[in-house]
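A quick write-up on the structure given underneath.
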Amino acid sequence: MRNGVKLTTALLRGLQRKCPCCGEAPAFRGYLKVVDACSHCQTPLSLYPTDDGPAYVTMILVGHLIIAPAFMFGFFYEYPLQVVVPTMVISLGFVTLAALPYVKGAFLGLMWYLGLKQAR
Numbered sequence: 045m046r047n048g049v050k051l052t053t054a055l056l057r058g059l060q061r062k063c064p065c066c067g068e069a070p071a072f073r074g075y076l077k078v079v080d081a082c083s084h085c086q087t088p089l090s091l092y093p094t095d096d097g098p099a100y101v102t103m104i105l106v107g108h109l110i111i112a113p114a115f116m117f118g119f120f121y122e123y124p125l126q127v128v129v130p131t132m133v134i135s136l137g138f139v140t141l142a143a144l145p146y147v148k149g150a151f152l153g154l155m156w157y158l159g160l161k162q163a164r
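So for the sequence shown, the working numbering puts the first residue at 45; every next one is plus one.
So, in structure tokens, the structure goes:
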């Protein structure tokens, strides 16, 4: 436990895009920009690196949740390629962009819990 907060609590607070320490204030300013410090507990959230990990995890999740089931269903093979490819690209893009802030929040919670800070 870190500051009396369990790992699952820090991850869930991150998934809610809240400060992993207090769970009160938003951890993001805008779409993916992490705030410098929590407005409630003053935890310096910008010190915790969430660079490429969230993007990789999001791509893996989206790939497994959309592409794998698409190949298992027979209707996927009945439509022409000119319909399937744009439909898949649009759906993959939408789901990826929708999931990325939440995965980044979970990574922020994990980095905060583990105490992994950037060297400045």
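Ideal Cβ positions, reconstructed from N, Cα and C, are used throughout, including at glycine.
Alpha-carbon to alpha-carbon, residue 85 and residue 66: For the purposes of this step, residue 66 is identified with residue 22 of the sequence shown, where counting begins at 1. For the purposes of this step, residue 85 is identified with residue 41 of the sequence shown, where counting begins at 1. Between the C-alpha atoms of residue 66 and residue 85 there is a straight-line separation of about 7 Å.
Cβ-based burial, residue 88 [other Cβ within 10 Å; buried from 16]: Position 44 of the sequence shown, counted from the start, is the residue given in the question as residue 88. Residue 88 counts as exposed, since fewer than 16 other C-beta atoms from the protein chains shown sit within 10 angstroms of its C-beta.
Residue range of the unbroken alpha helix (DSSP H) whose run includes residue 57: As a position in the sequence shown, residue 57 is number 13, starting the count at 1. Segment 51 to 59, the alpha helix (DSSP H) holding residue 57.
Reference residue 135; option with closest CA among 146, 106, 124 and 148: Locating residue 135 in the sequence shown gives position 91, counting from the first residue. Minimum Cα distance to residue 135 is reached at 106.
Per-residue DSSP class, three states only, for residue 148: Position 104 of the sequence shown, counting from 1, holds the residue named residue 148. Judged by DSSP in its simplified three-state form, residue 148 adopts helix.
Given residue 141 as reference, the closest of 55, 101 and 158 once Cα atoms are compared: By 1-based counting over the sequence shown, the position of residue 141 is 97. Of 55, 101 and 158, the smallest CA-CA separation from residue 141 is found for 101.
DSSP bridge partner residues for residue 62 (one or two, in chain order): As a working mapping, residue 62 is identified with position 18 in the sequence shown. Residue 62 is bridged to 70.
Identified DSSP bridge partners for residue 77: Position 33 of the sequence shown, counted from the start, is the residue given in the question as residue 77. Partner residues in the beta bridge of residue 77, as assigned by DSSP, are 73.
Cβ-based neighbour list, residue 58, same chain, cut-off 6 Å, excluding 5 preceding and 5 following: For the purposes of this step, residue 58 is taken as residue 14 along the sequence shown, with counting starting at 1. Cβ within range, chain order: 64, 149, 150, 152 and 153.
Residue 130 to residue 111 span [Cα, whole Å]: Within the sequence shown, numbered from 1, the residue matching residue 130 stands at position 86. Within the sequence shown, numbered from 1, the residue matching residue 111 stands at position 67. Their Cα atoms are separated by approximately 13 Å.
Opening and closing residue of the alpha helix (DSSP H) in which residue 113 lies: Sequence index remark: in the sequence shown, residue 113 carries index 69 (1-based). Residue 113 -> alpha helix (DSSP H) spans 112 to 116.
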